[in-house]
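K.L.:
If you read the sequence shown in this note's numbering, its first letter stands for residue 967, the second for the next number, and so on.
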Amino acid sequence: MEQYPAMEVAYWELVPYMPGLEKEDLTVANKKDFIFRSAGKAFELMVKELELERQQGGLHESVSLIELQKEDAVEALATLAAPCKHVPDMLDTLQALGVPFSIATTLGKPRVPVCVKACGMEDYFPPDRIHSGESDFDPPQFKPDPAVYLKAAMAEDALPKNCLAVEDSLSGVGSAANAGVGMIVGYVGGTHIATAEEEQQAHVLMSGDKSNTKQGADVVISDMRDLKYLVQFFRRERKEGRERPYNIANRMLQGRLRGKFWV
967 MEQYPAMEVA YWELVPYMPG LEKEDLTVAN KKDFIFRSAG KAFELMVKEL ELERQQGGLH
1027 ESVSLIELQK EDAVEALATL AAPCKHVPDM LDTLQALGVP FSIATTLGKP RVPVCVKACG
1087 MEDYFPPDRI HSGESDFDPP QFKPDPAVYL KAAMAEDALP KNCLAVEDSL SGVGSAANAG
1147 VGMIVGYVGG THIATAEEEQ QAHVLMSGDK SNTKQGADVV ISDMRDLKYL VQFFRRERKE
1207 GRERPYNIAN RMLQGRLRGK FWV
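(1) For the beta strand (DSSP E) containing L1018, name the first residue and the last one.
(2) Look up Y977 in the DSSP assignment and say whether it is helix, strand or coil.
(3) Roughly how many angstroms lie between the CA atoms of V1229 and D1184, to the nearest whole one?
(4) Can you list, in chain order, the residues of its chain whose CB lies under 7 Å from that of L987, leaving out five sequence neighbours each side?
(5) What runs of the beta strand (DSSP E), each 3 residues or longer, lie entirely inside the stretch 1072-1155?
(6) For V1185, does the three-state DSSP call read helix, strand or coil?
(7) With distances taken from CA atoms, which of K1205, L1043, M984 is nearest E1015?
(8) Check whether chain D comes within 8 Å of M984, counting only Cβ atoms and requiring the distance to be less than that.
(9) Would DSSP call I1159 helix, strand or coil?
(10) Identify whether A921 lies in helix, strand or coil by the three-state DSSP scheme.
(11) Going by Cα to Cα distance, which pick from T1072, F1200, R1191, Y1212 is closest to S1004?
(12) Buried or exposed for E1122, going by 16 or more other Cβ atoms inside 10 Å?
(13) Let me check one thing: in DSSP terms, what residues is F1227 bridge-paired to?
(14) Rounded to whole angstroms, what is the Cα-Cα separation between G1182 and R1208?
(15) What is the C-beta distance between V1154 and Q1167, in whole angstroms, given that I count them as a contact (C-beta under 8 Å)?
(16) What's the call for C1024, buried or exposed, on a 16-neighbour Cβ count within 10 Å?
(17) Start and end of the alpha helix (DSSP H) containing Y1195?
(18) Expressed to the nearest angstrom, what Euclidean distance is found between the alpha-carbon atoms of K997 and E974?
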């Protein structure tokens, strides 16, 4: 699913409480910067960070009322959320290949189920296939904590090393790596990443800066249709007992992937 609408809604929900923000600061560039920095964060965590920023700026009054605006955000997402390009077709392909899949997200409920419904993906992601770091744990376990990926793997009765994660945020990559997920595919094809910024973001996802072991994405793709080949590649590697580092560029993908990719 597209992450941009959720982050844009969060931006407009939080803007009135941002200390020192002037009208002239409400630019498209600043909004895009917020979305880029916030990708992978739960709304609750953004609120806590804002509260700390306000306290450091001498604003000691509570802004916990922001939590009450979650309902407004959910209502907005019910209209704004849309699938990333080629995702529905790729989910059909994964089903045809017999590959089970689920959502492992930092975002809370009911935000995620609302997005799933708005995207027309309820058949792909029933409630038992939606795992939330914010809502399924007490206290919440936000990425890059591995808890939500470990929960998702356990729900499929699978070892993390036999799972593949698709992530578009550095915190998400860190979560998957910290959980010991066998292959991590970064994705830069969402509309919150401009075409000119894809390469920069790809290198961010491969950096491993949020992983305890400095493991980043094994490969980054820009076209979701290419996930099929990576899943097939990973299945074969695991069947033959191979683990990372994978010889991805030379062994399989050159000349087969439709979009740009980075390894």
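Think of the CB as a built atom: it goes at the ideal place given N, C-alpha and C, for glycine as much as any other residue. On a predicted model such as this, the values are computed, not experimentally measured, just so you know.
P.N.:
The answer reads as follows:
(1) As a first step, residue 1018 is located in the sequence shown; it is residue number 52 there, counting from the start. Boundaries around L1018 are those of the alpha helix (DSSP H), 1009-1022, since no beta strand (DSSP E) includes it.
(2) To locate residue 977, count along the sequence shown from 1; it is residue 11. Correct three-state label for Y977: helix.
(3) Along the sequence shown, read from residue 1 onward, the residue named residue 1229 stands at position 263. Along the sequence shown, read from residue 1 onward, the residue named residue 1184 stands at position 218. The alpha-carbon atoms of V1229 and D1184 are separated by roughly 6 Å.
(4) The residue you call residue 987 lines up with position 21 of the sequence shown. Only V981 meet the Cβ criterion.
(5) The beta strand (DSSP E) runs of length 3 or more contained entirely in the stretch 1072-1155 are, from start to end of the chain, 1096-1098, 1130-1133, 1149-1153.
(6) Residue mapping note: residue 1185 aligns to position 219 of the sequence shown, counting from 1. V1185: strand per DSSP, three-state reduction.
(7) The count along the sequence shown starts at 1 and reaches residue 1015 at position 49. Cα-wise, what sits closest to E1015 is M984.
(8) Among the chains of the structure shown, chain D does not appear; only one protein chain is present.
(9) Position 193 of the sequence shown, counted from the first residue, corresponds to residue 1159. It is coil, neither helix nor strand.
(10) Residue 921 lies beyond the residue range present for the chain, which begins at 967 and ends at 1229; the question has no answer from this structure.
(11) On the sequence shown, residue 1004 is found 38 positions in, with the first residue counted as 1. Among T1072, F1200, R1191, Y1212, the Cα nearest to that of S1004 is on T1072.
(12) The residue given as residue 1122 occupies position 156 in the sequence shown. Classification of E1122: exposed, given that the 10 Å Cβ count is below 16.
(13) Counting from one through the sequence shown, the residue named residue 1227 turns up at place 261. BP columns for F1227 point to I1187.
(14) Taking the sequence shown and counting its residues from 1, one reaches residue 1182 at position 216. Taking the sequence shown and counting its residues from 1, one reaches residue 1208 at position 242. If you take the alpha carbons of G1182 and R1208, they lie about 18 Å apart.
(15) As a first step, residue 1154 is located in the sequence shown; it is residue number 188 there, counting from the start. As a first step, residue 1167 is located in the sequence shown; it is residue number 201 there, counting from the start. At roughly 5 Å, the Cβ-Cβ gap stays under 8 Å, so V1154 and Q1167 are in contact.
(16) Taking the first residue of the sequence shown as 1, we reach residue 1024 at position 58. The residue you asked about is not Cys; residue 1024 is Gly in the sequence shown. Under this definition G1024 is an exposed residue.
(17) By 1-based counting over the sequence shown, the position of residue 1195 is 229. Unbroken alpha helix (DSSP H) run through Y1195: 1193-1205.
(18) As a working mapping, residue 997 is identified with position 31 in the sequence shown. As a working mapping, residue 974 is identified with position 8 in the sequence shown. Rounded to whole angstroms, K997 to E974 spans 8 Å at the Cα level.
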